[in-house]
Structure formats: structure tokens, C-alpha cells
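Notes for the one structure printed next.
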Amino acid sequence: MPKVKTKSGAKKRFSLTGTGKVKRKHAYKSHILTKKTTKQKRGLTHIGLVHEADENRVKHMLGLQ
């Protein structure tokens with residue numbers, strides 16, 4: 217059987233925690249930042265986790281399942 221390739225877009229956007237959960241960054245933090253409040257931008261800084269409903273799909277894209 218051939219090896220399963222990782223989706224290159226997914227490997228740039230997601231990473232795993234030590235317990236196997238999937239970390240992600242928040243959207244809306246890359247451009248057009250002048251009209252967003254400082255509080256809004258600061259809230260988008262923190263790392264989030266992928267929801268349980270989407271976790272299996274993301275792990276499949278990363279080649280972990």
C-alpha cells in the first residue's frame with residue numbers, strides 16, 4: 217500500500233498537543249487590523265482547540281487516522 221500523504225494546508229494550520237488534541241489559530245488576525253479594536257485583536261491571539269466534531273476530520277487530513 218502507498219503511504220498516505222498529509223494535506224499540506226492542514227499541516228501549516230494545525231498541530232497536536234501532548235494529549236492528542238488538535239490546536240488551531242483564530243481567524244481574522246492577518247490583515248485589515250486597523251478597524252479592529254485592541255481588545256478584539258488580543259482575544260484572537262490565544263490558541264484555540266479544534267472542536268470534537270471536527271477533530272477526526274482534521275486528524276485524517278494530518279494523516280493520523
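Those letters in the sequence shown? Residues 217 to 281, by the working numbering. Glycine is no exception: its CB is placed at the ideal position from the N, C-alpha and C atoms.
Is residue i helix, strand or coil by DSSP?
i           : result
residue 220 : coil
residue 276 : helix
Report the CB separation of residue i from residue j in whole angstroms; it is logged as a contact under 8 Å.
i           : j           : result
residue 275 : residue 220 : No, residue 275 and residue 220 are not in contact; Cβ-Cβ is about 12 Å, not under 8 Å.
residue 240 : residue 279 : Not confirmed; about 17 Å, so no contact.
Report the residue ranges of all alpha helix (DSSP H) runs contained in full by the stretch 232 to 265; include only those spanning at least 4 residues, in chain order.
With a minimum length of 4 residues, the continuous alpha helix (DSSP H) runs that stay inside the stretch 232 to 265 are 254 to 259.
Okay, do the stretch 242 to 251 and the stretch 223 to 232 touch, 3+ Cβ pairs below 8 Å being the bar?
In this structure the stretch 242 to 251 does not lie against the stretch 223 to 232, because fewer than three pairs of beta carbons, one per stretch, are closer than 8 Å.
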